[in-house]
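Protein sequence lines correspond, in order, to chains A and B. All residue numbers for the first sequence refer to the working numbering, where the first residue is 37 and numbers rise by one. All residue numbers for the second sequence refer to the working numbering, where the first residue is 11 and numbers rise by one. Glycine included, every Cβ here is placed at the ideal spot set by N, Cα and C. Keep in mind the model is a prediction, meaning the values are calculated, not measured. Okay, structure first, notes after.
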Amino acid sequence: MNGRGHDLHLLTGAYAADALTGAELAEFERHLARCPSCADEVRELRETAARLGMATAIAPPPGMREQVLAAAARTRQLPPPARKLSALGGPRRGTRLRRALPRPLTAVALAGMAAAIVILAVFQVSTQHQLDKAQAGNRAVAAVLAAPDARIQTGTASVGGTVTAVVSARDAEAVITTAGMPAPPGTRVYQLWVLSAAGARSAGLMRAGEGGPTSPVLASGVQPGDRLGITIEPAGGSRQPTSTPVALIPVR
Amino acid sequence: MNTSPTGREPDGPAHAEEGRPELAGLLASVARGDQAAFESVYDQLAGPVYGLVRKVLRDPAQSEEVAQEVMLDVWRTASRFDAGRGSAVAWVMTIAHRRAVDRVRSESASTQREQKLAPGPVSGDDVAELVETALDRQRVRRCLGALTSLQAEAVKLAYYGGYTYPQVAELLGVALGTVKTRIRDGLIRLRDCMGVTQ
Chain A
37 MNGRGHDLHL LTGAYAADAL TGAELAEFER HLARCPSCAD EVRELRETAA RLGMATAIAP
97 PPGMREQVLA AAARTRQLPP PARKLSALGG PRRGTRLRRA LPRPLTAVAL AGMAAAIVIL
157 AVFQVSTQHQ LDKAQAGNRA VAAVLAAPDA RIQTGTASVG GTVTAVVSAR DAEAVITTAG
217 MPAPPGTRVY QLWVLSAAGA RSAGLMRAGE GGPTSPVLAS GVQPGDRLGI TIEPAGGSRQ
277 PTSTPVALIP VR
Chain B
11 MNTSPTGREP DGPAHAEEGR PELAGLLASV ARGDQAAFES VYDQLAGPVY GLVRKVLRDP
71 AQSEEVAQEV MLDVWRTASR FDAGRGSAVA WVMTIAHRRA VDRVRSESAS TQREQKLAPG
131 PVSGDDVAEL VETALDRQRV RRCLGALTSL QAEAVKLAYY GGYTYPQVAE LLGVALGTVK
191 TRIRDGLIRL RDCMGVTQ
């Protein structure tokens, strides 16, 4: 597909209609991050698409309201993104000073952090369910890496390679990268999951591979006791894991 | 929704959203855990969310499941709504559309290796349309009717049909580049026709 240079700008409509997928979606989102006029146009076309959506309104099934409200009552909400906290005038100074990392950052951990930050330069957003992703993806990842309570956990994948998670309990978020994992077979993909007592929730696909690092994937709503799992799934990913995880990292 | 343009209809005061100015404020309350605010958000948007999801997925049971996930997402991620980056309606409808499309694509990826593109009619719901959104519907029909037929088809297949734009190109038998620009041109004309300023 020809998607080079100013041609990319023409994808604003397809993007606003969620008609882009795969590598082209990632490429457009990278473009979007440094093209304010594209971002403006996407915003307007999204508002326009929303009008198309509003026009489809029909009465929802009668039992749905009760079920949703009951589910909400037992569902913990995400905290505001870190950048909003700091915009309130740095209320977390005390926390920041006491920034009790579980252990001093070792050379290995620092190297991991540095690697994660380097990978940021080529960050491709791939969490499909993350709404903010286009504009805030990089910042959200940076926020996790910079969180005062950020801690690094690493694991080994059964297919070879390592998985690194930078977890911020305060923000309930984690950034996950891998290195040295072989490309999944055929058209299959690596998919990241947040596994909790409530079940498995997709955090998105992990792009690239081939022994190189995958782009950082941001997982939200990550709580201590959860586990981060990576499975091999059919192209496009699955709604629920369909294979045994090749890597599992407990969130502490 | 019947998507064929119905010709001249009274346009009415074009203020469908302005009648619900408090939605952004409600979301801020929802982010603080206000369940009553969430009920109001639900009452305003569950119909559009369910309608859009059902438009894309067709299957009532799946649609209900996905619509529930969408509304729960709204509850869970309300703190991520940023009024500076768009309207509350667009934020919620974007979640709904993504969820519906994700469902379509994960299903077609897992069930069909080489998917056969079958363009079902993008209409024919035998369900009750909501009176509150009658004006939205009229305006959308009128504005879609003002597009070229290729623009209208491309927009409808992509947005209501949940097809990727290469699939839309195949369905319409036109080049990828053509579909890319038609979707964009179509949405831009709809934007101008509907007076979207955000």
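- ARG187 (chain A) has A:VAL203 as its beta-bridge partners, per DSSP.
- Bounds of the beta strand (DSSP E) holding MET242 (chain A) are 235 to 242.
- Per DSSP, the unbroken beta strand (DSSP E) holding LEU254 (chain A) starts and ends at 253 to 256.
- Per the coordinates, the alpha-carbon of GLU60 (chain A) lies some 23 Å from the alpha-carbon of ALA215 (chain A).
- Among the residues facing chain B, VAL230 (chain A) is not included, as its CB has no counterpart in that chain under 7 Å away.
- Using beta-carbon distances, LEU88 (chain A) counts as an interface residue toward chain B, with a partner under 7 Å.
- In the DSSP assignment, GLN54 (chain B) falls within the unbroken alpha helix (DSSP H) covering 45 to 67.
- Per the coordinates, the alpha-carbon of TYR170 (chain B) lies some 13 Å from the alpha-carbon of PRO58 (chain B).
- Taken through DSSP and simplified to helix, strand or coil, GLY99 (chain A) comes out as coil.
- The beta carbon of ASP44 (chain B) sits no closer than 7 Å to any beta carbon of chain A.
- As the crow flies, the alpha-carbon of TYR175 (chain B) is around 42 Å from that of ASP185 (chain A).
- Using a Cβ-Cβ cut-off of 7 Å, ARG82 (chain A) is close to GLY96, ALA100, THR104 of chain B, given in chain order.
- Proximity of GLY57 (chain B) to chain A, defined by a Cβ-Cβ separation below 7 Å, is satisfied.
- About 5 Å separates the beta carbon of ASP262 (chain A) from that of SER232 (chain A), a gap short enough to meet the 8 Å contact definition.
- From the beta-carbon of ALA138 (chain B), the residues of chain A found nearer than 7 Å are ILE94, ALA95.
- The distance from the Cβ of THR57 (chain A) to that of LEU62 (chain B) is about 19 Å, inconsistent with a contact at the 8 Å cut-off.
- Look at the region 71 to 88 of chain B: the residues with a C-beta under 8 Å from a C-beta of chain A are GLU74, ALA77, GLN78, MET81, LEU82, ASP83, TRP85, ARG86, THR87, ALA88.
- Separation of GLY272 (chain A) and PRO220 (chain A) (C-alpha to C-alpha, rounded to the nearest whole angstrom) is 13 Å.
- In this structure, VAL258 (chain A) places its C-beta atom within 7 Å of the C-beta atom of ALA210 (chain A).
- Where PRO286 (chain A) is concerned, the enclosing beta strand (DSSP E) starts and stops at 283 to 286.
- By the neighbour-count criterion, in which a residue is buried when 16 or more other Cβ atoms sit within 10 angstroms of its Cβ, GLU102 (chain A) is exposed.
- A distance of 7 Å or more separates the beta carbons of TYR173 (chain B) and LEU182 (chain B).
- Secondary structure of ALA77 (chain B) (DSSP, three-state): helix.
- Here the alpha carbon of VAL80 (chain B) sits roughly 15 Å from the alpha carbon of MET90 (chain A).
- Cβ atoms of THR111 (chain A) and TRP85 (chain B) come within 8 Å of each other, at about 6 Å.
- THR191 (chain B) and THR143 (chain B) have their C-alpha atoms some 29 Å from each other.
- Cβ contact annotation for ALA283 (chain A) (same chain, cutoff 6 Å, sequence separation greater than five): GLY191, ALA193, VAL199, ILE266, in chain order.
- Rounded to whole angstroms, the Cβ separation of VAL66 (chain B) and VAL114 (chain B) is 6 Å, and the two are in contact under 8 Å.
- Closest in alpha carbon position to ILE268 (chain A), among A:MET217, A:MET100, A:LEU47, is A:MET217.
- Taking a contact as a CB-CB distance under 8 Å, the pair VAL206 (chain B) and GLU83 (chain A) counts as one, their CB atoms being some 5 Å apart.
- Here the alpha carbons of ASP112 (chain B) and GLU74 (chain B) stand approximately 15 Å from one another.
- Per the C-alpha coordinates, the member of A:ALA255, A:ALA234, A:THR280, A:ARG243 positioned closest to ALA107 (chain A) is A:ALA234.
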